[in-house]
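>
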Amino acid sequence: MTAVCEVAPRTAPAPQDATPTTLLPLPPMELRALVGPRDDEDFDNPTGAPIYPHLPESAYRFVFDFGCGCGRLARRLIQQRPRPKRYVGIDPHRGMIDWANRHLAPAAPGFEFHHHDVYSPGYAPTNRLRLADHFPADDGCVSLFIAHSVFTHLTLDQTLFYLSELARVLAPDGVAFTSWFFFDNASLPFWSEGPYALYADEKHFSAAVIYDRHWFIEAVRQQGLAVRETKPPQVPGHQWEVWLARRQPGDQDRFPLGPEGAEYVCGATWKPLPVTVPDDPGVIASIKTGSRRGQIPPPQTVRSGGVPPLFEPLAELARLREEIEIHRSARTPLWRRVLDRLRRQLTFSRV
Ligand SMILES: C[S@@+](CC[C@H](N)C(=O)[O-])C[C@H]1O[C@@H](n2cnc3c(N)ncnc32)[C@H](O)[C@@H]1O
12 MTAVCEVAPR TAPAPQDATP TTLLPLPPME LRALVGPRDD EDFDNPTGAP IYPHLPESAY
72 RFVFDFGCGC GRLARRLIQQ RPRPKRYVGI DPHRGMIDWA NRHLAPAAPG FEFHHHDVYS
132 PGYAPTNRLR LADHFPADDG CVSLFIAHSV FTHLTLDQTL FYLSELARVL APDGVAFTSW
192 FFFDNASLPF WSEGPYALYA DEKHFSAAVI YDRHWFIEAV RQQGLAVRET KPPQVPGHQW
252 EVWLARRQPG DQDRFPLGPE GAEYVCGATW KPLPVTVPDD PGVIASIKTG SRRGQIPPPQ
312 TVRSGGVPPL FEPLAELARL REEIEIHRSA RTPLWRRVLD RLRRQLTFSR V
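Each residue of the sequence shown is one higher than the last, beginning at 12 in my numbering.
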């Protein structure tokens with residue numbers, strides 16, 4: 012990618028305010044259900060106030076919305092005054108992107124929505140069988156990066172890849188809003204090394220992913236990023252807000268570790284821990300034989316190796332699809348229909 016920061020829209024601009032923002036359509040309920048919040052107010056910004064009031068106006072020159080869904084934040088940004096000069100939203104869910112392109116993009120010059128053609132068991136089971144792809148943005152151009160409830164759906168390798176992409180596209184003065192579920196691997200006496208990500212659903216790995224706080228901060232540092240601000244969730248175990256920026260010499264990460272913030276990680280309870288938990292951290296360390304309790308994981312576990320390769324059973328699916336494709340072209344229409352059906356069934360989808 013070049014370092015030319017194109018702020019002008021790539022698509023033909025629509026007339027300014029072609030649709031009064033009060034008349035902007037709201038996504039249908041079935042699309043809202045996919046992104047979580049469903050109330051009209053969650054998609055609306057009637058006062059035109061900046062959606063992140065603490066940011067300077069310059070932060071909105073190029074907004075990149077990773078996992079933009081059906082435009083919950085885009086709609087509020089369109090209503091915002093001043094409106095971002097350029098906005099690019101990407102999402103693997105074709106239906107949500109189509110909706111946003113039809114209903115939001117025409118009302119807002121400089122706003123684009125792109126289908127991100129990567130596989131997600133929960134959101135995009137029929138997409139191309141690959142686990143990540145580069146962002147459609149030039150190096151160092153994005154002034155505000157948003158990933159709201161997105162890293163909470165990505166595997167550890169995907170997260171590493173997309174953190175490196177975030178670091179690539181972020182402008183020198185850019186900031187990134189990210190949200191995360193966290194746990195403390197160090198508090199679990201039965202694991203000595205990792206895992207650093209917990210998957211809430213064994214079939215749909217993207218349903219909810221919870222990251223170890225130590226692993227996270229090390230991954231952020233390795234990508235040349237720094238934490239500017241962290242907001243713990245209002246309810247223990249819910250999403251943390253973490254603001255990232257390019258790392259400068261001498262940066263101190265504003266990110267709590269150890270006892271600080273521990274009452275908000277996943278697994279924390281409203282009650283204090285029972286007295287059977289030893290006060291002495293050394294006792295837990297000795298239970299976790301060979302434990303690296305409290306230490307940062309070895310560097311090789313926090314470096315992105317590029318787009319993650321397909322793993323089983325995805326690799327197997329990809330192989331079968333290729334095989335079907337070869338046979339399909341050589342067969343009669345009836346056979347083609349049978350093979351098409353088989354191909355459709357070779358897809359993980361919510362049943
Ligand atoms: C909980 S929704 C949040 C949507 C939006 N950011 C918002 O705040 O309204 C999670 C979004 O992440 C997207 N997503 C899931 N897997 C993804 C992936 N591998 N890459 C990019 N986006 C992904 C989903 O399609 C979905 O739109």
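Yeah, the Cβ is synthetic: ideal placement off N, Cα and C, and Gly gets one too.
As the structure is a prediction and not an experimental result, all values here were calculated from the model.
Does the beta carbon of L165 fall short of 7 Å from some heavy atom of ligand 1?
For ligand 1, at least one heavy atom lies less than 7 Å from the Cβ of L165.
> Taking the beta strand (DSSP E) that W191 belongs to, which residues open and close that run?
Per DSSP, W191 belongs to the beta strand (DSSP E) from 181-194.
> Quick test of your reading: E123 and F146, contact by CB under 8 Å. State the CB separation rounded to the nearest angstrom.
In fact, because the Cβ distance is near 12 Å, the residues do not count as touching under 8 Å.
> Need the endpoints of the alpha helix (DSSP H) that E229 sits in, please.
First-last of the alpha helix (DSSP H) with E229: 224-233.
> DSSP on V349, reduced to helix/strand/coil?
Three-state result, V349: helix.
> Around the C-beta of W226, are 16 or more other C-beta atoms found within 10 angstroms, so that it is buried, or is it exposed?
It counts as buried.
> Using 8 Å for Cβ pairs, my map puts V238 next to D212. What's the rounded Cβ distance?
V238 to D212, Cβ: 28 Å. No contact.
> Can P61 be considered in contact with ligand 1, in the sense that its beta carbon sits closer than 7 Å to one or more heavy atoms?
Outside the cutoff, so no.
> Could you work out which residue in S131, G59, L37, P320 is closest to H215 when comparing CA atoms only?
Nearest of S131, G59, L37, P320 to H215, Cα basis: S131.
> Is the separation between the beta-carbon of D223 and that of Y207 shorter than 8 Å?
A contact, by the Cβ cut-off of 8 Å.
> Tell me the DSSP secondary structure of Y275 in three-state form.
The answer is helix: DSSP assigns Y275 an H, G or I state.
> Since T241 sits in a beta bridge, which residues does DSSP pair it with?
Answer by DSSP bridge pairing, in chain order: V253.
> Assign G78 to one of two classes, buried (16 or more other C-beta atoms within 10 Å of its C-beta) or exposed (fewer than that).
Its Cβ being crowded by 16 or more others within 10 Å, G78 is buried.
> Under the rule that 16 or more other beta-carbon atoms within 10 Å means buried, what is Q245, buried or exposed?
Under this definition Q245 is an exposed residue.
> Less than 8 Å between the beta carbons of A158 and T137, yes or no?
No, Cβ-Cβ distance for A158 and T137 is not below 8 Å.
> Look at the Cβ atom of L181, then the Cβ atom of F156, and state whether they are nearer than 8 Å.
Yes, these two residues count as a Cβ contact at 8 Å.
> Let me check you understand the geometry: is the CB of L84 closer than 7 Å to at least one non-hydrogen atom of ligand 1?
Checking every heavy atom of ligand 1 against the Cβ of L84, one is found closer than 7 Å.
> Considering only their Cβ atoms, is the gap separating L350 from I335 smaller than 8 Å?
Taking 8 Å as the Cβ cut-off, I335 and L350 qualify as a contacting pair.
> According to DSSP, is V46 helix, strand or coil?
V46: helix per DSSP, three-state reduction.
> Run the CB neighbour count on W191, radius 10 Å, all protein chains shown included, and call it buried at 16 or more, exposed below.
It is buried - the Cβ of W191 has at least 16 other Cβ atoms within 10 Å.
> Answer yes or no: the CB of Q169 versus the heavy atoms of ligand 1, is any distance below 7 Å?
Yes - ligand 1 has a heavy atom lying nearer than 7 Å to the Cβ of Q169.
> With a cut-off of 8 Å on the beta carbons, I'd call Y71 and A85 a contact; round off their distance for me.
In fact, because the Cβ distance is near 12 Å, the residues do not count as touching under 8 Å.
> Exposed or buried, G269, counting other C-beta atoms within 10 Å across all chains shown (16 or more means buried)?
Exposed is the call here.
> Grouping DSSP H, G and I as helix and E and B as strand, with all else coil, what is F6?
Past the edges of the chain, shown from 12 to 362, lies residue 6, and the structure says nothing about it.
> For ligand 1, is there any heavy atom lying closer than 7 Å to the beta carbon of Y210?
No, ligand 1 has no heavy atom inside 7 Å of this Cβ.
> How would you write the range of the alpha helix (DSSP H) that H126 sits in, first residue to last?
First-last for H126: 122-126, but that is the beta strand (DSSP E), not the alpha helix (DSSP H).
> CB of C79 to nearest heavy atom of ligand 1: below 7 Å?
True, at least one ligand heavy atom lies under 7 Å from that Cβ.
> Only counting runs of 3 or more residues, tell me where the beta strand (DSSP E) segments fall wholly within the segment 143-171, in order along the chain.
Counting only runs of 3 or more, we get 153-158.
> Leaving out five residues before and five after R258 in sequence, what residues of the same chain have Cβ atoms less than 8 Å from its Cβ?
Around R258: R232, G235, L236, A237.
> Report the CB separation of A143 from P324 in whole angstroms; it is logged as a contact under 8 Å.
So it is not a contact: roughly 18 Å between Cβ atoms.
> Starting from L209, follow the beta strand (DSSP E) in both directions and report where the run begins and ends.
Start and end: 208-210.
> Is R304 helix, strand or coil by DSSP?
Because R304 carries a pLDDT of 43, less than 50, the predicted location of this residue cannot be relied on, and the following value inherits that uncertainty. Residue state, collapsed to three classes: coil.
> So A119 and R83 are in contact, right, with Cβ under 8 Å, and what is the actual spacing, rounded?
Not really, about 14 Å apart at Cβ, beyond 8 Å.
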